[in-house]
Amino acid sequence: MIYNIVLISIGLICSIILFYRFPFLKRKEKSSKLLVSVVIPARNEAKTLPFLLSDLQKCITDIHEIICVNDGSTDNTKEVINEYGFSLVDVKDKPEKWMGKSWACQKGASVATGDIILFLDADVRLNKQGLNKLVSEYEDSKKAISVQPYHKMEKAYEKLSFIFNIVQVGGNGTSCAIKNGTAGLFGPVILINRKEYISIGGHSGAKDVILEDLAIGQVLNARGLGYELFLGGEDISFRMYSQGIKQIIEGWTKNYAAGAAMARADIFIMTFLWISALCSTAFNFISSLFSTDLIKLIVFSSFYVLWVIELTRISKKVGNYNILNAVLYPGYMIFFLTIFFISVLKKLLKIKVSWKGRKI
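In the numbering used here, the protein residues as written are 625 to 984.
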């Protein structure tokens with residue numbers, strides 16, 4: 625029991641360090657003369673794209689141009705883009721060594737004429753304040769700005785992303801108390817100077833990488849350009865996997881093993897201890913319910929309550945989670961570990977994963 629108490633205590637300390645700060649975009653009252661080119665890579669996004677395009681229509685006075693890249697969609701994505709009347713880049717023949725999203729971003733950026741390029745995933749939602757905050761942060765730092773959107777979920781199965789969403793922020797180093805660099809950018813929202821983007825070769829440095837956002841961040845750091853990371857909060861959100869459990873499984877399977885391999889060493893160790901402590905707490909708490917050992921029940925019940933409080937604190941910053949989701953974390957952890965091990969196995973055996981009708 626002593627071993628588990630020590631492990632759980634270390635895990636709680638790691639949790640405080642990993643999730644110490646939550647950097648949100650700040651509200652700033654100033655106008656900008658920078659021309660913003662929005663580039664949206666879209667593959668089979670006919671159901672989600674209209675929400676983003678409608679949002680952008682409301683911000684149209686602050687946007688120089690909106691470029692939608694139809695990445696070989698097999699649904700009505702192209703028709704949706706034409707319906708809104710924005711610029712269309714139709715990508716049909718992707719080079720063999722390029723990942724679809726990276727190539728779509730590269731092609732979209734190649735026709736952009738603004739001062740800065742804002743890459744947005746098709747499932748992102750943002751309001752006028754969100755756009756203004758992004759540009760203001762860029763003007764202040766003169767560095768690329770990337771945002772992890774607030775995860776808005778509507779159905780119960782979407783809450784299976786509970787542990788994933790938390791680890792995504794902590795594992796990148798965004799919320800860590802130790803400011804010693806992060807793993808890379810967040811893919812859904814990237815704002816970058818167009819000339820700077822061209823100078824690093826655009827997405828070519830990430831052409832064959834599944835997690836192109838992390839790779840581009842590493843290129844920016846290698847060139848001494850740097851970047852700033854933020855959380856979306858009330859202004860920038862997304863609904864990640866709205867098409868069912870299969871989409872959640874495919875989406876997280878393609879990401880997680882690769883992401884873990886690119887994490888900072890200290891972040892990786894603390895995240896490992898954090899997960900281990902959560903697992904130990906859940907296992908010992910549940911087993912103590914069937915034990916006659918009253919001390920064990922009191923100890924691990926107390927730890928379980930502490931973790932519920934801690935997970936509630938963190939999860940509310942990254943998505944519309946609540947205390948019930950924190951209480952149910954053992955179930956979410958089983959799902960997380962299952963997907964993670966499948967992802968690792970596929971990476972080790974070089975088995976391609978399916979995503980939006982492509983093998984990657």
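Glycine residues also receive a C-beta, built at the ideal position from the N, C-alpha and C atoms.
When you compare the CB positions of residue i and residue j, do they come within less than 8 Å of one another, or not?
i, j, result
"Ile899", "Cys800", "no"
"Ser711", "Arg818", "no"
"Met864", "Asp695", "no"
"Phe788", "Asn949", "no"
"Ile769", "Leu844", "no"
"Gly808", "Arg888", "no"
"Glu761", "Leu913", "no"
Classify residue i: buried if its beta carbon has 16 or more other beta carbons within 10 angstroms, exposed otherwise.
i, result
"Arg749", "buried"
"Ala884", "buried"
"Val929", "exposed"
"Lys803", "exposed"
"Tyr627", "exposed"
"Arg847", "exposed"
"Ile963", "buried"
"Phe965", "exposed"
"Leu969", "exposed"
"Tyr945", "buried"
"Ser639", "buried"
"Phe599", "Nothing about residue 599 can be read from this structure; the chain reaches only from 625 to 984."
"Tyr644", "exposed"
"Pro812", "buried"
Spatial neighbours of residue i within its chain, please: CB distance less than 7 Å, with the 5 preceding and 5 following residues excluded, ordered by chain position.
i, result
"Leu631", "Ser900, Ala901 and Ser904"
"Val791", "Thr895"
"Leu680", "Val662, Ile687 and Ile690"
"Leu755", "Cys683 and Asp686"
"Gly732", "Val663, Pro665, Ile691, Val693 and Val713"
"Phe675", "Arg749"
"Ser978", "Glu874"
"Ser823", "none"
"Ile741", "Ser661, Val663, Ala733, Ile816, Arg818 and Tyr821"
Between residue i and the ligand MG, is there a pair consisting of the residue's CB and a ligand heavy atom that are separated by less than 7 Å?
i, result
"Leu631", "In the structure shown, the ligand MG is absent, as is every other ligand, since no ligand is present at all."
Can you give me the C-alpha to C-alpha distance between residue i and residue j, rounded to a whole angstrom?
i, j, result
"Lys682", "Leu659", "17 Å"
"Ser939", "His775", "10 Å"
"Leu921", "Tyr956", "22 Å"
"Gln842", "Gly825", "13 Å"
"His827", "Cys729", "7 Å"
"Val833", "Tyr851", "19 Å"
"Leu849", "Lys767", "7 Å"
"Ala735", "Ser765", "Residue identity differs from the one stated: residue 735 is Val in this sequence, not Ala. Computed Cα separation, rounded: 26 Å."
"Leu673", "Asp739", "24 Å"
"Gln772", "Thr916", "46 Å"
"Asn751", "Leu744", "13 Å"
"Met777", "Gly943", "8 Å"
"Val704", "Thr698", "13 Å"
"Thr877", "Val715", "26 Å"
"Lys671", "Lys702", "12 Å"
"Ile919", "Lys974", "48 Å"
By Cβ distance, which residues of its chain are closer than 8 Å to residue i, with the 5 residues on each side in sequence left out?
i, result
"Arg651", "Gln753 and Lys757"
"Tyr781", "Gly868, Ile869 and Ile872"
"Phe892", "Gly795 and Ala884"
"Ile947", "Val932 and Thr936"
"Asn879", "Ile834, Leu835 and Ser967"
Excluding five sequence neighbours on each side, which residues of the same chain lie with their C-beta closer than 6 Å to the C-beta of residue i?
i, result
"Ile634", "Leu897"
"Asn908", "Asn628 and Phe924"
"Ala830", "Ser726, Glu836, Ala839 and Ile840"
"Lys980", "Arg667 and Asn668"
"Trp582", "For residue 582 there is no data in the structure shown, the boundaries of the chain being 625 and 984."
Of all Cβ atoms in chain D, is any one closer than 8 Å to the Cβ of residue i?
i, result
"Asn879", "The structure shown has no chain D; it contains just one protein chain."
Jot down the residue ranges of each uninterrupted alpha helix (DSSP H) in the segment 936 to 971, minimum 4 residues, whole runs only, in chain order. Segments of the alpha helix (DSSP H) lying fully in the segment 936 to 971: 947 to 951.
Please specify which runs of the alpha helix (DSSP H), each continuous and at least 4 residues long, are wholly inside the segment 682 to 734, giving them in chain order. Inside the segment 682 to 734, DSSP marks whole alpha helix (DSSP H) runs of 4 or more residues at positions 701 to 708 and 724 to 734, from first to last along the chain.
Continuous alpha helix (DSSP H) assignments of at least 4 residues falling wholly in the segment 763 to 814: The segment 763 to 814 contains these whole alpha helix (DSSP H) runs: 786 to 796.
Taking the runs of the beta strand (DSSP E) that are 3 residues or longer, which of them lie wholly in the segment 858 to 885? List check, beta strand (DSSP E) in window: 860 to 862.
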